[in-house]
Amino acid sequence: MPFPSPPRRRIVGVSTKMYFSAARTRQYVNELLAITASHADEYRAIAESVDVFIIPDHLTLASVVQQLDTSPLPKILPGAQDTFYEDAGAYTGEVSPSVLAEIGCRIVELGHAERRRIFGETDDDAARKAAAAARNGMIPLVCIGERTKPAEPPAAVAAAAQECRSQVESVMAAVPRDAPVVLAYEPVWAIGAAEPASAAHVVGVTRHIRQFECLRARPEGSTRILYGGSAGPGLFAKLAASETDGGGVDGLFLGRFAHDPQQFWKTIQEIAAA
Numbered sequence: 003m004p005f006p007s008p009p010r011r012r013i014v015g016v017s018t019k020m021y022f023s024a025a026r027t028r029q030y031v032n033e034l035l036a037i038t039a040s041h042a043d044e045y046r047a048i049a050e051s052v053d054v055f056i057i058p059d060h061l062t063l064a065s066v067v068q069q070l071d072t073s074p075l076p077k078i079l080p081g082a083q084d085t086f087y088e089d090a091g092a093y094t095g096e097v098s099p100s101v102l103a104e105i106g107c108r109i110v111e112l113g114h115a116e117r118r119r120i121f122g123e124t125d126d127d128a129a130r131k132a133a134a135a136a137r138n139g140m141i142p143l144v145c146i147g148e149r150t151k152p153a154e155p156p157a158a159v160a161a162a163a164q165e166c167r168s169q170v171e172s173v174m175a176a177v178p179r180d181a182p183v184v185l186a187y188e189p190v191w192a193i194g195a196a197e198p199a200s201a202a203h204v205v206g207v208t209r210h211i212r213q214f215e216c217l218r219a220r221p222e223g224s225t226r227i228l229y230g231g232s233a234g235p236g237l238f239a240k241l242a243a244s245e246t247d248g249g250g251v252d253g254l255f256l257g258r259f260a261h262d263p264q265q266f267w268k269t270i271q272e273i274a275a276a
C-alpha cells in the first residue's frame, strides 16, 4: 500500500495499551466499523484527507487486521505497540518487524514514555526500532516529549523543544530520508493528567521541532506530528485555532478517552472539520 504523500495528511488514532481483553478488542473494532458504516459517505470524505489508526495489543493485532479488512470503506490502519530492531533471530519474547508487516501491520508505536520509564528504553533503542519499522514498509510512530513541566512562556517552549531534540535527531538519523515518520509529541508530565498542555505550548513546541535541521532536510509531507498528552474532545480545534501557518500539529494520539468508540468517532470528525 502507498504511504501518504504531500501535503501532510491529518492523522488520528488510539492505543488500547493493556486495558482490553481479547473479547473487548473485537467488540471495540466491530463497534467502530459499525459507526463508520452508518456514516459511510462522511467517512469516505474524511478518509480523503485524514488517516485513522488503531493500535491494539500484540495478541489481538492479527485478528484486528482481519476485522478491518472486512470493511469496504477506506481502511483504518492497524498498528503495533512496539517491535524489535532485528527482523529475525534468537531474541526470545521479542516481536519481529518483518512478521508485523507480514500480517498487515501498517504503523508501529515506539519509544512511549512508559517503555522508557519501566523498561529503560533509550533514544537509541527507539531509533533502531524506527529503522526496522521503516525497513519493513511500516510507519514508525515515535513518542517524544519533555519530562520537565514548563515554567513561564516563552522560554518554556524553547526549553521543551530542546529537551526533545535528541529524541527527534536520533530517529531521523536512523530512518531513510524519504521514509514517512509520525512523531507523537506527548509531554511526559501531561500523560494521564486531568488537563492537557495548553494549545499555545503544544503548537509552540511543534513549530520549534519542525525547525530542526533534521526535519527541514526531509521531503515535505514525510514527517507528521500529532499530540498525545491527555488528548480529548475539542482539543484539536483549539490547536488549529492557535496556528497561523499550518506548521504545527497534524492530529491527535488518543488514549483511554477514545476507548469509547463513539468518542473516537467524534474526535475523528473534529479533526476532519478543524
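By the count of our numbering, the sequence shown reaches residue 276 at its end, each step adding exactly one. Idealized CB from N, CA, C, for every residue including glycine. This one's a predicted model, so the numbers in the text were calculated from it and none came from an experiment.
Practice task
Figure out for me which residue from 93, 86, 112 and 113 has the closest Cα to the Cα of residue 100.
Solution key: 86
Practice task
Check whether the segment 58 to 76 touches the segment 24 to 36, taking contact to mean three or more Cβ pairs, one atom from each stretch, closer than 8 Å.
Solution key: yes
Problem - Whether residue 251 touches residue 217 by CB criterion (8 Å) - result: no
Handout entry: Stretch-stretch touch, CB-based, cutoff 8 Å, three pairs: the segment 124 to 137 with the segment 78 to 94
Key = yes
Problem - Secondary structure, beta strand (DSSP E): runs of 3+ residues fully inside the segment 37 to 80 - result: 52 to 57
Problem - As assigned by DSSP and simplified to three states, the class of residue 183 - result: strand
Problem - Proximity to residue 20 [Cα-Cα], best of 146, 147 and 261 - result: 261
Exercise for the section: Let me know if residue 61 comes out buried or exposed under the rule of 16 or more other beta-carbons within 10 Å of its beta-carbon. Expected result: exposed
Exercise for the section: Pull up the distance between the alpha-carbon of residue 254 and that of residue 233, whole angstroms please. Expected result: 7 Å
Exercise for the section: Compare the beta carbon distance of residue 224 and residue 189 with 8 Å and say whether it is the shorter of the two. Expected result: no
Exercise for the section: Thinking residue 81 and residue 57 are a contact (beta carbons under 8 Å), I'd like their distance in whole angstroms, please. Expected result: 4 Å
Problem - DSSP three-state assignment for residue 82, whether helix, strand or coil - result: strand
Problem - 8 Å Cβ cutoff, residue 98 in contact with chain C - result: The chain inventory of the structure shown lacks chain C, comprising one protein chain alone.
Practice task
Ignore the nearest five residues each way along the sequence and tell me which others in residue 93's own chain have a CB closer than 7 Å to its CB.
Solution key: 86
Problem - Candidates 114, 50 and 211, of which the one nearest residue 275 by Cα - result: 50
Practice task
Answer yes or no: do residue 108 and residue 141 have a C-beta to C-beta separation smaller than 8 Å?
Solution key: yes
Practice task
Go to residue 13, then tell me how far its beta strand (DSSP E) extends in each direction, as first and last residue.
Solution key: 12 to 17
Practice task
Mark residue 40 as exposed unless 16 or more other C-beta atoms lie within 10 angstroms of its C-beta, in which case mark it buried.
Solution key: exposed
Exercise for the section: Return the CA-CA distance between residue 18 and residue 79, expressed in angstroms with no decimal places. Expected result: 14 Å
Practice task
Express the C-alpha separation of residue 161 and residue 22 in angstroms, rounding to a whole number.
Solution key: 36 Å
Exercise for the section: Note down the Cα distance separating residue 269 from residue 15, rounded to an integer number of angstroms. Expected result: 9 Å
Exercise for the section: State buried or exposed for residue 195, treating a residue as buried only when at least 16 other CB atoms are found within 10 Å of its CB. Expected result: exposed
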